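Novice: In order, the protein sequence lines correspond to chains G and U.
Counting in the numbering used here, the first sequence runs from 1 upward without gaps.
Counting in the numbering used here, the second sequence runs from 1 upward without gaps.
By construction, the Cβ of each residue, glycine as well, lies at the ideal position given by its N, Cα and C atoms.
All values reported here derive from a predicted model rather than from experimental measurement.
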Amino acid sequence: MLIFELSQPTRRNSAQSPRERPEITDIPQEFLREDQASLPEVSELQVVRHYTRLSQRNFSIDTHFYPLGSCTMKYNPRACNKYAMLPEYLMRHPQSAVTTGQGFLQCLHELQEILKDVTGMKGVSLTPLAGAQGEFAGVAMIRAYHDSRDDHGRDEILVPDAAHGTNPATATMCGYKVREIPTDADGNVDVEALRAAVGPQTAGLMLTNPSTLGIFERHIQKIADIVHEAGGLLYYDGANLNAIVGKAKPGDMGFDVIHMNLHKTFSTPHGGGGPGAGPVGVNDRLLPFLPIPIVAQEGGQYRWLTEQDLPQTIGRLSANTGNAGVLVRAFIYARLLGKEGMIRVAEFATLNANYLMAQLRSRGFDMAYPQRRAAHEFIVTLKTLKEQTGVIAMDVAKRLLDKGYHAPTVYFPLLVPECFLIEPTETESKQELDGFADALAEILAEARQDPELVKSAPHTTPVTRLDEVKAARELDVAWNNE
Amino acid sequence: MPFIPHTESEVRAMLNVIGVDAIADLFDEVPEAIRAQSLSFVPSGVNEMEIGRLMTERANKDGLYVNFIGGGVSEHHIPAVVWELTTRGEFYSAYTPYQAEASQGTLQLLYEFQSMMASLTNLEVSNASLYDGASALAEAVLAAVRAKKKATKVLIPTTIAPVYRQVVDTIVKNQGIELVELSFSEVDGHTPIDIVSQLTTDDVAALVVPQPNYFGVLEDVDALTNWAHDHGLLVIGLVNPIAMALLKPPGLWGEQGADIAVGEGQPLGVPLASGGPYFGFMCCKQKLIRQMPGRIVGRTVDTEGKPGFTLTLQAREQHIRRSKATSNICTNQGLMVTAATIYMALLGPDGLHRVAANCHANTRHLLTSLAKIEGVEKLFDRPFFHEGVLRLTQDPAAILKALEAQGIVGGIDLSPHYPQLGNALLVCATETRTDSDIGNYATHLERIMSRRRLDPPCAQKVAG
Numbered sequence: 001m002l003i004f005e006l007s008q009p010t011r012r013n014s015a016q017s018p019r020e021r022p023e024i025t026d027i028p029q030e031f032l033r034e035d036q037a038s039l040p041e042v043s044e045l046q047v048v049r050h051y052t053r054l055s056q057r058n059f060s061i062d063t064h065f066y067p068l069g070s071c072t073m074k075y076n077p078r079a080c081n082k083y084a085m086l087p088e089y090l091m092r093h094p095q096s097a098v099t100t101g102q103g104f105l106q107c108l109h110e111l112q113e114i115l116k117d118v119t120g121m122k123g124v125s126l127t128p129l130a131g132a133q134g135e136f137a138g139v140a141m142i143r144a145y146h147d148s149r150d151d152h153g154r155d156e157i158l159v160p161d162a163a164h165g166t167n168p169a170t171a172t173m174c175g176y177k178v179r180e181i182p183t184d185a186d187g188n189v190d191v192e193a194l195r196a197a198v199g200p201q202t203a204g205l206m207l208t209n210p211s212t213l214g215i216f217e218r219h220i221q222k223i224a225d226i227v228h229e230a231g232g233l234l235y236y237d238g239a240n241l242n243a244i245v246g247k248a249k250p251g252d253m254g255f256d257v258i259h260m261n262l263h264k265t266f267s268t269p270h271g272g273g274g275p276g277a278g279p280v281g282v283n284d285r286l287l288p289f290l291p292i293p294i295v296a297q298e299g300g301q302y303r304w305l306t307e308q309d310l311p312q313t314i315g316r317l318s319a320n321t322g323n324a325g326v327l328v329r330a331f332i333y334a335r336l337l338g339k340e341g342m343i344r345v346a347e348f349a350t351l352n353a354n355y356l357m358a359q360l361r362s363r364g365f366d367m368a369y370p371q372r373r374a375a376h377e378f379i380v381t382l383k384t385l386k387e388q389t390g391v392i393a394m395d396v397a398k399r400l401l402d403k404g405y406h407a408p409t410v411y412f413p414l415l416v417p418e419c420f421l422i423e424p425t426e427t428e429s430k431q432e433l434d435g436f437a438d439a440l441a442e443i444l445a446e447a448r449q450d451p452e453l454v455k456s457a458p459h460t461t462p463v464t465r466l467d468e469v470k471a472a473r474e475l476d477v478a479w480n481n482e
Numbered sequence: 001m002p003f004i005p006h007t008e009s010e011v012r013a014m015l016n017v018i019g020v021d022a023i024a025d026l027f028d029e030v031p032e033a034i035r036a037q038s039l040s041f042v043p044s045g046v047n048e049m050e051i052g053r054l055m056t057e058r059a060n061k062d063g064l065y066v067n068f069i070g071g072g073v074s075e076h077h078i079p080a081v082v083w084e085l086t087t088r089g090e091f092y093s094a095y096t097p098y099q100a101e102a103s104q105g106t107l108q109l110l111y112e113f114q115s116m117m118a119s120l121t122n123l124e125v126s127n128a129s130l131y132d133g134a135s136a137l138a139e140a141v142l143a144a145v146r147a148k149k150k151a152t153k154v155l156i157p158t159t160i161a162p163v164y165r166q167v168v169d170t171i172v173k174n175q176g177i178e179l180v181e182l183s184f185s186e187v188d189g190h191t192p193i194d195i196v197s198q199l200t201t202d203d204v205a206a207l208v209v210p211q212p213n214y215f216g217v218l219e220d221v222d223a224l225t226n227w228a229h230d231h232g233l234l235v236i237g238l239v240n241p242i243a244m245a246l247l248k249p250p251g252l253w254g255e256q257g258a259d260i261a262v263g264e265g266q267p268l269g270v271p272l273a274s275g276g277p278y279f280g281f282m283c284c285k286q287k288l289i290r291q292m293p294g295r296i297v298g299r300t301v302d303t304e305g306k307p308g309f310t311l312t313l314q315a316r317e318q319h320i321r322r323s324k325a326t327s328n329i330c331t332n333q334g335l336m337v338t339a340a341t342i343y344m345a346l347l348g349p350d351g352l353h354r355v356a357a358n359c360h361a362n363t364r365h366l367l368t369s370l371a372k373i374e375g376v377e378k379l380f381d382r383p384f385f386h387e388g389v390l391r392l393t394q395d396p397a398a399i400l401k402a403l404e405a406q407g408i409v410g411g412i413d414l415s416p417h418y419p420q421l422g423n424a425l426l427v428c429a430t431e432t433r434t435d436s437d438i439g440n441y442a443t444h445l446e447r448i449m450s451r452r453r454l455d456p457p458c459a460q461k462v463a464g
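1) List the whole-angstrom C-beta distance separating Ile51/U from Ile332/G, where the pair is believed to meet the contact cut-off of C-beta under 8 Å.
2) Between which two residues does the beta strand (DSSP E) containing Lys153/U stretch?
3) Assign Trp227/U to one of three DSSP states: helix, strand, or coil.
4) Let me check one thing: in DSSP terms, what residues is Cys330/U bridge-paired to?
5) By the DSSP assignment, the alpha helix (DSSP H) with Phe113/U in it spans what residues?
6) Ile289/U by DSSP, collapsed to three states: which one?
7) Is the region 365-380 of chain U touching the region 287-307 of chain U, taking contact as three or more C-beta pairs under 8 Å?
8) State the start and end residues of the unbroken alpha helix (DSSP H) segment that holds Thr350/G.
9) So, at 6 Å on beta carbons, what are the nonlocal neighbours of Gly464/U in its own chain, with the 5 sequence-adjacent residues on each side left out?
10) Between the region 128-153 of chain U and chain G, which residues of the former have CB atoms less than 7 Å from a CB of the latter, in chain order?
11) Going by other Cβ atoms of all chains shown within 10 Å of its Cβ, with 16 needed for buried, is Val180/U buried or exposed?
12) For Asp28/U, list the residues DSSP reports as bridge partners.
13) Would you call the CB atoms of Glu377/G and Lys74/G closer than 8 Å?
14) Between which two residues does the alpha helix (DSSP H) containing Pro250/G stretch?
15) Below 8 Å between beta carbons is the criterion; list the residues of the region 158-173 of chain U that meet it against any residue of chain G, in chain order.
16) Among Leu385/G, Glu428/G, Ile422/G and Pro417/G, which residue has its Cα nearest to the Cα of Glu446/G?
17) Would you mind reading off the limits of the beta strand (DSSP E) that contains Pro160/G?
18) Residue range of the beta strand (DSSP E) that Phe309/U falls in?
19) Which same chain residues end up closer than 8 Å to Gly176/U when comparing Cβ atoms and leaving out the 5 residues on each side of it in sequence?
20) Spatial neighbours of Gln420/U within its chain, please: C-beta separation below 7 Å, excluding the five flanking residues on both sides.
21) Using DSSP's beta-bridge definition, name the partner residues of Leu425/U.
22) Just to make sure I have the definition right: I need the residues of chain G whose C-beta is within less than 8 Å of the C-beta of Val73/U. Which are they?
23) Asn242/G CB to nearest chain U CB: under 8 Å?
24) What's the gap between the Cα of Phe184/U and the Cα of Leu224/U?
25) Classify Asn16/U: buried if its beta carbon has 16 or more other beta carbons within 10 angstroms, exposed otherwise.
26) When the Cα of His417/U is compared with those of Ala429/U, Thr430/U, Pro267/U and Gln166/U, which residue comes out closest?
27) So with Cβ pairs under 8 Å, would you call Glu32/U a contact of chain G?
28) Measure the C-alpha to C-alpha separation of Arg335/G and Tyr92/U and round it to an integer number of angstroms.
29) Under three-state DSSP, which class holds Thr300/U?
30) Just how far apart, CA to CA, sit Tyr441/U and Ala161/U?
31) On the three-state DSSP scale, how would you describe Leu15/U?
32) Any beta-carbon of chain G closer than 8 Å to the one on Val376/U?
33) If we define contact as Cβ-Cβ less than 8 Å, is Lys470/G a contact residue for chain U?
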């Protein structure tokens with residue numbers, strides 16, 4: 001049932017809307033709307049019941065184990081939400097003078113300093129609105145750096161073949177060509193291929209470490225040297241920062257510019273697909289190019305740095321100040337953890353991943369990189385299962401929903417066949433991991449005894465498998481009262 | 001340990017299963033030389049009571065002000081239901097609906113959102129949101145340039161907020177796209193068709209048309225749209241979603257309607273929150289849907305023929321197309337859209353109309369009241385909506401500072417970006433301002449302007 005189907009003409013919620021309905025007499029008819037928009041006319045209770053019921057048709061961290069690889073679906077502490085939603089923070093207009101928001105700006109300034117400390121970078125801008133926008137800012141800074149040196153021949157960004165899709169898409173948005181670097185048998189970047197690929201055309205390399213294969217890139221120092229010697233810069237995609245936070249710093253690995261996903265490592269809510277926040281950090285040579293605004297502290301007062309302070313900035317990425325409320329939540333989370341807690345994040349995320357990997361291996365699952373230690377996530381390949389039973393990774397993923405677990409990331413990275421990328425995160429208990437391992441083992445047995453049961457899953461969700469071809473061919477993306 | 005459930009005996013059991021002695025052994029693939037020594041700035045952890053105290057202290061220091069600032073972001077009453085439901089864990093802690101069967105709640109809500117936005121703008125399709133209004137405009141510019149394959153320029157009026165033009169420039173310049181800025185009439189604050197009609201349209205993909213514009217002034221959207229279409233350009237409408245309850249929607253501009261509509265979604269149930277998170281929206285004609293960036297939800301059926309919802313047209317997106325995607329956008333602003341959908345459902349067409357009409361009536365009242373003060377005049381004698389510009393005989397920055405001491409944030413000083421307008425101040429009064437708020441603003445402004453001292457300083461600053 002759609003909310004529109006509950007609608008009855010003239011029904012309205014008088015307690016929620018303004019008392020008066022002033023006549024508009026000073027705007028000529030040519031500017032005015034003649035009809036009214038097709039918004040639903042429903043009561044408050046109808047709204048509450050409808051959207052409460054819809055919410056119950058979701059899996060979420062609060063209701064289910066959600067081991068979505070590369071997304072760091074960990075518990076979002078309630079205190080972060082509660083204290084970010086104090087009225088003084090919520091009611092403040094972003095164009096108000098900084099004198100009306102010193103407490104708020106202090107939180108942001110301290111968050112900048114915390115992120116510098118954690119990543120080993122020299123400067124941080126909180127302004128990018130999501131990881132992909134952080135990537136954009138990072139690559140735009142690489143471009144601004146080369147331009148500032150009149151080094152105009154560098155038109156290529158290198159990206160490992162295992163990278164997130166946002167990496168090559170970002171390079172294109174910044175006007176670069178993309179060249180992919182292959183992965184070696186151990187899951188590392190193929191160093192010889194990299195050496196052959198770099199040259200005077202190389203603007204930079206984008207790298208995630210630990211990589212999207214769930215393993216630490218052991219040759220990182222060598223990779224940094226190769227890229228730097230060719231005159232390129234090294235970009236760190238912080239998608240997997242949760243694996244190393246407090247244990248190793250991208251700045252020490254030789255990265256020049258990084259972005260962080262606060263909705264991952266700093267546990268701000270994923271919200272059904274955002275909002276995120278994608279702060280960027282840089283080393284000395286990229287400091288002048290950071291996106292604005294940035295919070296500065298001068299004589300105990302906080303203010304925004306603008307174009308006047310940073311004339312070489314790549315510019316602004318949003319109309320206001322970045323996703324301020326997300327930043328405040330991340331600040332609260334960082335303070336609740338503290339320095340000891342932050343190191344434990346990486347330790348227990350890694351412990352959980354390696355434990356779950358061992359449990360699955362002992363239950364007959366194949367690891368994509370069995371010779372390697374898991375970082376905070378790892379890859380299972382179901383290639384053998386497919387060959388033996390015809391059951392594919394997507395079938396197993398759907399059957400997991402029946403068992404009460406959200407599926408891991410499936411079919412990513414693209415270079416591992418029939419893969420699951422599994423990231424348990426540090427906030428899950430041993431019992432939850434054991435239950436998940438048992439559920440996957442049950443599905444393995446089901447696939448061998450009754451493959452149809454798995455292939456036709458899910459059976460217990462509000463809908464069964466959806467016709468995606470029909471969705472794309474007979475596009476229905478808006479209700480139109482028919 | 002905060003947010004980590006493991007007991008010591010569990011840790012020992014887990015290490016045994018892995019076959020290592022200590023957690024530190026799990027990091028043996030990290031080269032010794034790059035292992036972090038320690039964190040130097042991050043302080044020790046605090047508990048919930050302590051962080052609550054700290055955040056409350058800082059909030060109290062900031063205090064609460066009576067707000068007369070708009071500029072594309074505005075204060076509205078947000079019904080209690082909106083955030084009670086939005087912060088339910090099932091919405092708050094879910095992610096992008098990759099597993100459609102386990103995400104029907106979020107997916108149906110997004111479909112309802114798309115339907116509401118398409119209806120508000122009178123266009124056929126909507127996406128599931130972008131980051132904010134300014135980045136949505138940038139994405140619309142990119143979409144228009146993709147659609148008009150050989151063109152590289154876009155016409156953008158300077159009656160669009162300066163910061164929007166800056167953001168668009170940041171995002172599109174590396175792809176060789178040029179923004180051609182259009183001047184405006186300093187007499188009535190709009191983009192006259194006779195300025196536009198003198199422009200060459202070679203190599204131009206689109207014209208951006210704001211309604212209302214940054215000054216609150218209404219543009220001649222029909223004439224501008226017709227001119228653009230006559231010259232083979234696409235039209236990108238930049239609109240305030242609340243205004244759409246009252247003003248002609250972009251899909252009905254001119255003979256053929258605008259092709260794309262974008263804007264800042266914040267007025268629809270999202271708090272000001274010092275700058276975000278907000279959301280951007282984008283709607284377009286069906287024929288442009290494959291140029292649209294971001295998530296799109298479609299309605300389909302399951303294997304039993306039951307209706308259901310799924311992400312669709314994913315072949316446009318970065319996780320499939322990689323370097324050939326329409327945009328690098330991945331995460332958008334799902335939770336804000338949850339709030340906006342619930343807000344629009346609660347208010348309905350009549351409620352939204354009342355909000356829009358009260359915003360307009362209050363702004364008109366504010367402009368009239370303030371313009372009576374000696375040294376204050378209203379600029380631009382043209383129809384407006386929701387915001388307006390005043391010219392003062394004194395420096396707006398100093399006046400705003402004096403108002404702030406009285407607990408009033410009084411508007412945006414336009415003089416740095418629009419020096420040709422003199423001491424111009426952009427003001428706004430939404431449905432949340434009362435007659436007494438407006439009267440109070442007028443009283444203080446008059447006192448400040450005349451340098452009389454009717455009240456002792458700081459007497460009315462609300463201490464929070």
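Specialist: Looking at the coordinates:
1) Position 51 of the second sequence, counting from 1, holds the residue named residue 51/U. Position 332 of the first sequence, counting from 1, holds the residue named residue 332/G. Indeed they touch by this definition, with Cβ atoms about 6 Å apart.
2) Here residue 153/U is taken as the residue at index 153 of the second sequence, counted from 1. Where Lys153/U is concerned, the enclosing beta strand (DSSP E) stretches over Lys153 to Pro157.
3) Taking the first residue of the second sequence as 1, we reach residue 227/U at position 227. Looking at Trp227/U - three-state DSSP - the assignment turns out to be helix.
4) Here the question's residue 330/U lines up with position 330 in the second sequence. Beta-bridge pairing links Cys330/U to no other residue.
5) Within the second sequence, residue 113/U is the residue found at index 113, counting from 1. From DSSP, the alpha helix (DSSP H) with Phe113/U extends over Gln104 to Thr121.
6) Stepping through the second sequence from its first residue, residue 289/U is reached at position 289. Ile289/U falls in the helix class under three-state DSSP.
7) Flag = no, the region 365-380 of chain U and the region 287-307 of chain U do not touch.
8) Walking along the first sequence from the start, residue 350/G turns up at place 350. Residues Ala324 to Ser362.
9) Position 464 of the second sequence, counting from 1, holds the residue named residue 464/U. Here the model assigns Gly464/U a pLDDT of 38, short of 50, so the residue's position is not dependable and the matter cannot be decided.
10) Those would be Tyr131, Asp132, Gly133, Ala134 and Ser135, in chain order.
11) As a position in the second sequence, residue 180/U is number 180, starting the count at 1. With fewer than 16 other Cβ atoms within 10 Å, it is exposed.
12) Here the question's residue 28/U lines up with position 28 in the second sequence. For Asp28/U, no pairing in a beta bridge is given by DSSP.
13) In the first sequence, residue 377/G corresponds to position 377, counting from 1. In the first sequence, residue 74/G corresponds to position 74, counting from 1. Remark: C-beta atoms of Glu377/G and Lys74/G do not approach each other more closely than 8 Å.
14) In the first sequence, counting from the first residue as 1, residue 250/G sits at position 250. For Pro250/G, the enclosing alpha helix (DSSP H) starts and ends at Pro250 to Met253.
15) The region 158-173 of chain U vs chain G, Cβ under 8 Å: Ala161, Val163, Tyr164, Gln166, Val167, Asp169, Thr170 and Ile171.
16) By 1-based counting over the first sequence, the position of residue 446/G is 446. Selected option, being the one with the closest Cα: Leu385/G.
17) Position 160 of the first sequence, counted from the start, is the residue given in the question as residue 160/G. Unbroken beta strand (DSSP E) run through Pro160/G: Glu156 to Pro160.
18) One-based indexing of the second sequence puts residue 309/U at position 309. If you look at Phe309/U, you'll find it in the beta strand (DSSP E) that goes Pro307 to Leu311.
19) Working through the second sequence from its first residue, we reach residue 176/U at position 176. Hits under 8 Å: Thr152.
20) Taking the first residue of the second sequence as position 1, residue 420/U is located at position 420. Cβ neighbours of Gln420/U beyond the five flanking positions: Glu186.
21) Position 425 of the second sequence, counting from 1, holds the residue named residue 425/U. Leu425/U has Leu390/U and Asp413/U as its beta-bridge partners, per DSSP.
22) Walking along the second sequence from the start, residue 73/U turns up at place 73. Those within 8 Å of Val73/U in chain G are His93, Pro94, Gln95, Ala319 and Asn320.
23) Here residue 242/G corresponds to residue number 242 of the first sequence, with the count starting at 1. Interface residue (Cβ-Cβ distance to chain U less than 8 Å): Asn242/G is not classified as such.
24) On the second sequence, position 184 is the one that residue 184/U refers to. On the second sequence, position 224 is the one that residue 224/U refers to. Rounded to whole angstroms, the gap between the alpha carbons of Phe184/U and Leu224/U is 13 Å.
25) Reading the second sequence from its first residue, position 16 is the one you call residue 16/U. Classified as exposed, Asn16/U has fewer than 16 neighbouring CB atoms from the shown chains inside 10 Å of its CB.
26) Residue 417/U sits at position 417 when you count from the first residue of the second sequence. It is Gln166/U.
27) Here residue 32/U corresponds to residue number 32 of the second sequence, with the count starting at 1. Chain G contact via Cβ: absent.
28) In the first sequence, counting from the first residue as 1, residue 335/G sits at position 335. In the second sequence, counting from the first residue as 1, residue 92/U sits at position 92. So the alpha carbons of these two residues sit roughly 21 Å apart.
29) The sequence position of residue 300/U within the second sequence is 300, counting from 1. For Thr300/U, the three-state secondary structure derived from DSSP is strand.
30) Your numbering for residue 441/U matches position 441 in the second sequence. Your numbering for residue 161/U matches position 161 in the second sequence. When the Cα atoms are used, Tyr441/U and Ala161/U turn out to be separated by approximately 25 Å.
31) Sequence index remark: in the second sequence, residue 15/U carries index 15 (1-based). In the three-state scheme derived from DSSP, where H, G and I count as helix and E and B as strand, Leu15/U is classed as helix.
32) Your numbering for residue 376/U matches position 376 in the second sequence. Chain G, which has no Cβ nearer than 8 Å to the Cβ of Val376/U, makes this no.
33) Against the first sequence, residue 470/G aligns to sequence position 470. Yes, Lys470/G counts as interfacial toward chain U.
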